[in-house]
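K.L.:
For the sequence shown, position 281 (counting from the first letter as 1) is numbered 502 according to my numbering, and the numbering increases by one without interruption.
I am attaching a structure below and will ask some questions about it afterwards.
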Amino acid sequence: MKLVVVGFGQCGNRIAEEFSRLNSRARFRRRISILADAFAVNTDSADLSILSSIKSDYRHRILIGNRKTNSHGVGKINELGAQIAKQDGDKVIDHIKSTERFYESDAFLLIAGAAGGTGSGAMPIMAKMIKERFSDKPIYALIALPFEHEEKTGARTICNSATCLKAAYSVADAVILVDNQRYIEKDSSLINNFAAINKLIVEPFYDLLCTGEETKAKRIGAKLLDAGDIIKTLKGWTVLGYGVSKLPVIRLPFVRRHNYRKKSTETIKGIQTMDQAISNLSLKCDPKDSASALYLLSAPAEEITMDLVTELVDYLGEVAPRAMIRYGDYPRGESTIKTTLILSQLNYVDKIMEYYDKMPKLTKEKEQMQEEDEIKLKKIMKASRMVPSLFRGDGN
Ligand SMILES: Nc1nc2c(ncn2[C@@H]2O[C@H](COP(=O)(O)OP(=O)(O)OP(=O)(O)O)[C@@H](O)[C@H]2O)c(=O)[nH]1
Ligand SMILES: [Mg+2]
Numbered sequence: 222m223k224l225v226v227v228g229f230g231q232c233g234n235r236i237a238e239e240f241s242r243l244n245s246r247a248r249f250r251r252r253i254s255i256l257a258d259a260f261a262v263n264t265d266s267a268d269l270s271i272l273s274s275i276k277s278d279y280r281h282r283i284l285i286g287n288r289k290t291n292s293h294g295v296g297k298i299n300e301l302g303a304q305i306a307k308q309d310g311d312k313v314i315d316h317i318k319s320t321e322r323f324y325e326s327d328a329f330l331l332i333a334g335a336a337g338g339t340g341s342g343a344m345p346i347m348a349k350m351i352k353e354r355f356s357d358k359p360i361y362a363l364i365a366l367p368f369e370h371e372e373k374t375g376a377r378t379i380c381n382s383a384t385c386l387k388a389a390y391s392v393a394d395a396v397i398l399v400d401n402q403r404y405i406e407k408d409s410s411l412i413n414n415f416a417a418i419n420k421l422i423v424e425p426f427y428d429l430l431c432t433g434e435e436t437k438a439k440r441i442g443a444k445l446l447d448a449g450d451i452i453k454t455l456k457g458w459t460v461l462g463y464g465v466s467k468l469p470v471i472r473l474p475f476v477r478r479h480n481y482r483k484k485s486t487e488t489i490k491g492i493q494t495m496d497q498a499i500s501n502l503s504l505k506c507d508p509k510d511s512a513s514a515l516y517l518l519s520a521p522a523e524e525i526t527m528d529l530v531t532e533l534v535d536y537l538g539e540v541a542p543r544a545m546i547r548y549g550d551y552p553r554g555e556s557t558i559k560t561t562l563i564l565s566q567l568n569y570v571d572k573i574m575e576y577y578d579k580m581p582k583l584t585k586e587k588e589q590m591q592e593e594d595e596i597k598l599k600k601i602m603k604a605s606r607m608v609p610s611l612f613r614g615d616g617n
């Protein structure tokens with residue numbers, strides 16, 4: 222599957238860069254392209270200039286709103302990010318459309334941080350514009366949710382996240398949720414280490430995008446998972462999971478083929494990677510709320526047995542009983558078993574309810590604060606009438 226990746230704002234730009242690196246890895250190691258192209262869109266020229274893997278010309282690093290922001294970002298005001306996208310969106314679409322391999326792409330992946338200003342505001346607006354122009358390709362929004370400490374310190378963080386999520390959900394075919402907090406829970410050394418978090422965010426896409434692009438016969442699974450399966454699975458609120466388990470490096474094929482005990486250990490390893498994928502979901506949610514799931518098993522060809530494949534389907538069926546399950550296998554030369562999992566069409570996501578539930582209180586508090594500010598300012602103005610003016614005689 223080939224994506225057109227567009228990152229908005231600093232978070233979106235950096236994750237788009239990571240996708241671009243993933244594409245280089247696929248091309249170098251597997252001779253496969255998984256991106257048609259990658260773009261970075263920002264209101265901040267400094268953020269664009271420090272990127273490294275996205276092409277450095279103005280068509281790929283697209284500056285928007287420079288008249289309004291002097292190229293310094295929108296300072297968390299996502300309404301301004303949205304307004305700028307409405308005005309400059311055509312420029313972004315022209316650049317995307319003119320990319321050489323645009324017509325090879327299967328879908329758009331638009332990326333942003335929910336809590337910022339540029340990405341949070343501009344990404345959903347651009348999703349709508351892109352949908353109107355290219356109705357034949359699905360649009361996926363990948364949204365990074367803020368850390369807990371950011372949520373504690375600012376109402377803006379919650380408001381931006383809630384408005385971005387609502388708008389993205391209403392236009393995108395699927396919204397892929399990644400919770401920054403989940404990545405530091407797993408490894409606290411990751412606090413503020415965005416480069417490491419971004420690598421973890423994009424890793425589940427690697428095999429998922431590569432498998433349908435393979436041309437070598439020995440890399441094509443008995444049950445090939447292609448773009449069509451992924452597109453049919455992805456709908457609405459979506460999370461991803463990923464699990465990996467190492468296999469012994471030295472192999473004696475004739476021993477394994479006849480060794481029942483070893484085979485069952487490998488089935489257990491396969492199940493373990495599914496367990497890992499479920500417990501490491503990109504956002505905490507209940508798999509029972511998913512109506513559409515997909516898994517991809519990547520392993521050496523000789524490890525992919527019917528036993529393992531059916532055990533994994535049964536297991537996922539128990540964990541996500543409402544879900545229609547699609548699956549595939551990807552024979553690889555590496556000595557690992559990997560499971561990539563998508564849980565889509567979630568009908569309930571705690572975290573999103575949390576943001577939405579907080580909004581009425583925050584809106585009321587904001588209105589009250591504005592009223593108080595006006596009253597206080599009026600008081601000062603009133604008192605200032607007794608102060609002589611330095612402008613007297615100027616007509617002021
Ligand atoms: N996963 C991840 N999250 C990031 C990254 N950079 C920023 N964030 C998160 O994104 C949010 C801030 O969004 P930014 O992308 O910095 O903001 P912006 O879209 O550039 O908007 P302005 O700077 O306000 O114009 C915060 O919640 C950050 O924790 C990143 O590289 N990766
Ligand atoms: Mg910024």
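Backbone N, C-alpha and C fix where the C-beta goes; we use that ideal spot for every residue, glycine too.
Since we're looking at a predicted model, the values are computed, not measured.
#1: Nearest by alpha-carbon distance to T488: which of K509, A259, K318, E532 is it?
#2: What are the boundary residues of the alpha helix (DSSP H) that includes R282?
#3: With DSSP as the reference, label S319 as helix, strand or coil.
#4: Threshold first: 4 residues or longer. Then list the alpha helix (DSSP H) segments lying entirely within the region 416-460, N to C.
#5: Beta carbon of L269, beta carbon of Y576: below 8 Å?
#6: Just jot down, in chain order, the residues whose CB lies closer than 6 Å to any heavy atom of ligand 2.
#7: With distances taken Cα to Cα, identify the nearest neighbour of L529 among I499, T560, S500.
#8: In chain order, which alpha helix (DSSP H) runs of at least 4 residues are fully inside the region 504-548?
#9: Is the closest heavy atom of ligand 1 to the C-beta of F260 under 7 Å?
#10: Which same chain residues, not among the five before or five after L468, have their C-beta less than 8 Å away from its C-beta?
#11: Taking the runs of the alpha helix (DSSP H) that are 4 residues or longer, which of them lie wholly in the region 323-373?
#12: Quick one: what's Y569 bridged to in DSSP?
#13: Provide the residue(s) that pair with P609 in DSSP beta bridges, ordered along the chain.
#14: Return helix, strand or coil for R472, following the three-state DSSP convention.
#15: On the DSSP bridge list, what partners appear for N263?
#16: Cβ-heavy atom distance between R403 and ligand 1 below 7 Å?
#17: Here's the rule: buried if 16 or more other CB atoms are within 10 angstroms of the residue's CB, otherwise exposed. What is Q591?
#18: In this structure, how does DSSP classify D195 when only helix, strand and coil are distinguished?
#19: Does the beta carbon of S274 fall short of 7 Å from some heavy atom of ligand 1?
#20: Given this structure, state the Cα-to-Cα distance separating L256 from I601, to the nearest angstrom.
#21: State buried or exposed for R553, treating a residue as buried only when at least 16 other CB atoms are found within 10 Å of its CB.
#22: L224 lies in the beta strand (DSSP E); which residues open and close that run?
#23: Check whether the Cβ of P345 lies closer than 7 Å to any heavy atom of ligand 4, and answer yes or no.
#24: Can you tell me whether DSSP reads S466 as helix, strand or coil?
#25: CA-CA distance, Y463 and D311?
#26: Taking just the CA atoms, how far does A544 sit from I452?
#27: CB-CB under 7 Å to G294, same chain, minus the five flanking residues each way: which ones, in chain order?
#28: Closer than 8 Å by C-beta to V540: which residues in its own chain qualify, once you throw out the five before and the five after it? Chain order, please.
#29: Are I364 and A389 touching if we call contact CB-CB under 8 Å?
#30: Using DSSP with H/G/I as helix, E/B as strand and the rest coil, what is L398?
#31: What residue from I422, V396, I285, V226 has the CA that sits closest to I405's CA?
#32: My guess is that P367 and A395 are in contact by the Cβ rule of under 8 Å, so how many angstroms apart are they, rounded?
#33: How is I253 classed by DSSP in three states: helix, strand or coil?
#34: Just reading off the alpha helix (DSSP H) that Y390 is part of, what are its end residues?
#35: Pick helix, strand or coil for L489, following the three-state DSSP scheme.
#36: Ignore the nearest five residues each way along the sequence and tell me which others in R242's own chain have a CB closer than 7 Å to its CB.
P.N.:
On the basis of the coordinates in this document:
#1: Considering only alpha carbons, the answer is E532.
#2: Looking at the DSSP string, R282 is not in any alpha helix (DSSP H); the run it does join, the beta strand (DSSP E), is 282-284.
#3: Secondary structure at S319: coil, using DSSP grouped into helix, strand and coil.
#4: The region 416-460 contains, as complete alpha helix (DSSP H) runs of 4+ residues, the segments 426-431, 448-454 (chain order).
#5: Contact flag unset, no.
#6: Here the list is G230, Q231, D265, D268, G294, G337, T339.
#7: For L529, the nearest C-alpha among the options comes from T560.
#8: Taking 4 residues as the shortest admissible run, the region 504-548 contains the following complete alpha helix (DSSP H) segments, listed from N- to C-terminal end: 527-540.
#9: With a cut-off of 7 Å, the C-beta of F260 is classified as distant from ligand 1, since no heavy atom of the ligand falls inside that distance.
#10: So the list reads E487, K490, A520, P521, E524, S556, T557, I558, once near-sequence residues are dropped.
#11: 339-354, all fully within the region 323-373.
#12: Per DSSP, none; premise fails for Y569.
#13: DSSP, once it has assigned bridges, lists no residue as partnering P609.
#14: The predicted model places R472 with a pLDDT of 49, which falls under 50 and marks its position as unreliable, so this point remains unresolved.
#15: Beta-bridge pairing links N263 to L284.
#16: Outside the cutoff, so no.
#17: Note on Q591: under 16 other CB atoms within 10 angstroms of its CB, so exposed under the neighbour-count rule.
#18: This structure gives no information on residue 195, because the portion of the chain shown stretches from 222 to 617.
#19: It does not: the Cβ of S274 is nowhere closer than 7 Å to a heavy atom of ligand 1.
#20: Inter-residue distance for L256 and I601 is about 59 Å (C-alpha atoms, whole angstroms).
#21: Buried, because 16 or more other Cβ atoms sit within 10 Å of the Cβ of R553.
#22: Unbroken beta strand (DSSP E) run through L224: 224-229.
#23: What this structure holds is ligand 1 and ligand 2, not ligand 4.
#24: Residue state, collapsed to three classes: strand.
#25: Using only the alpha carbons, I get a separation of about 37 Å.
#26: Approximately 15 Å, taken between the alpha carbons.
#27: Excluding positions up to five away in sequence, the list reads T264, D265, G338, T339.
#28: The beta carbon of V540 sits closer than 8 Å to those of I499, P508, K509, all from its chain and outside the five residues before and after it, given in chain order.
#29: Result yes, Cβ atoms of I364 and A389 sit closer than 8 Å.
#30: Three-state DSSP puts L398 in a strand.
#31: In this structure, I422 is the residue among I422, V396, I285, V226 with its C-alpha nearest to the C-alpha of I405.
#32: Incorrect: roughly 21 Å between the Cβ atoms, too far for contact.
#33: DSSP places I253 in coil when its eight states are reduced to three.
#34: Segment 376-392, the alpha helix (DSSP H) holding Y390.
#35: In the sequence under discussion, the amino acid at residue 489 is Ile, which differs from the Leu named in the question. I489 carries a helical assignment under DSSP once its states are collapsed to helix, strand and coil.
#36: Around R242: S274.
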